[in-house]
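In full-length UniProt numbering, the protein residues as written are 1 to 134.
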């Protein structure tokens with residue numbers, strides 16, 4: 001039996017997809033001039049507790065576009081708040097699971113810097129958290 005946290009109505013899912021689409025449009029304007037802000041925006045309000053694959057995939061596309069636009073990975077962490085570290089780690093693992101070489105290369109670069117910055121606890125929290133999935 002599904003837990004109450006996962007009970008999703010079509011109305012809630014449509015509202016969530018609509019928010020992701022709005023976020024996507026905002027990110028498109030930020031990508032060229034402020035890629036770190038685009039990444040922050042992509043990570044904000046990620047639908048972590050949904051089991052709907054449409055929502056997860058739509059948000060992954062938004063986060064992926066923002067991650068791939070980052071050039072100065074070391075500098076990114078000077079602007080990225082620590083509250084984003086765990087969720088970013090989850091998206092890095094999702095990116096690595098794609099098997100796409102450019103995506104995996106970027107994810108590994110970010111993973112290295114994130115692990116240096118946040119420590120091994122960030123990895124453990126992202127792997128152990130089975131409620132909040134991306």
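We treat Cβ as the ideally placed atom computed from N, Cα and C, and that holds for glycine. Bear in mind that the values here come from a model prediction, so they are computed numbers and not experimental data.
Reduced DSSP secondary structure (H/G/I, E/B, other) of residue i
{"i": "residue 74", "result": "helix"}
{"i": "residue 18", "result": "helix"}
{"i": "residue 132", "result": "coil"}
{"i": "residue 105", "result": "helix"}
{"i": "residue 121", "result": "helix"}
{"i": "residue 31", "result": "coil"}
{"i": "residue 115", "result": "helix"}
{"i": "residue 126", "result": "helix"}
{"i": "residue 95", "result": "helix"}
C-beta atoms of residue i and residue j nearer than 9 Å
{"i": "residue 150", "j": "residue 76", "result": "As displayed, the chain neither begins before 1 nor continues past 134, which places residue 150 out of reach and without an answer."}
{"i": "residue 30", "j": "residue 41", "result": "yes"}
{"i": "residue 115", "j": "residue 64", "result": "no"}
{"i": "residue 95", "j": "residue 67", "result": "yes"}
{"i": "residue 80", "j": "residue 39", "result": "yes"}
{"i": "residue 52", "j": "residue 16", "result": "yes"}
{"i": "residue 34", "j": "residue 134", "result": "no"}
{"i": "residue 129", "j": "residue 72", "result": "no"}
{"i": "residue 32", "j": "residue 58", "result": "no"}
{"i": "residue 74", "j": "residue 113", "result": "yes"}
Q. At what residue ranges does the stretch 40-92 contain a whole run of the alpha helix (DSSP H), taking only runs of 4 or more?
A. 53-69, 73-79
Q: Tell me, please, whether the stretch 14-26 touches the stretch 103-120 by the rule of three or more beta-carbon pairs shorter than 8 Å.
A: no
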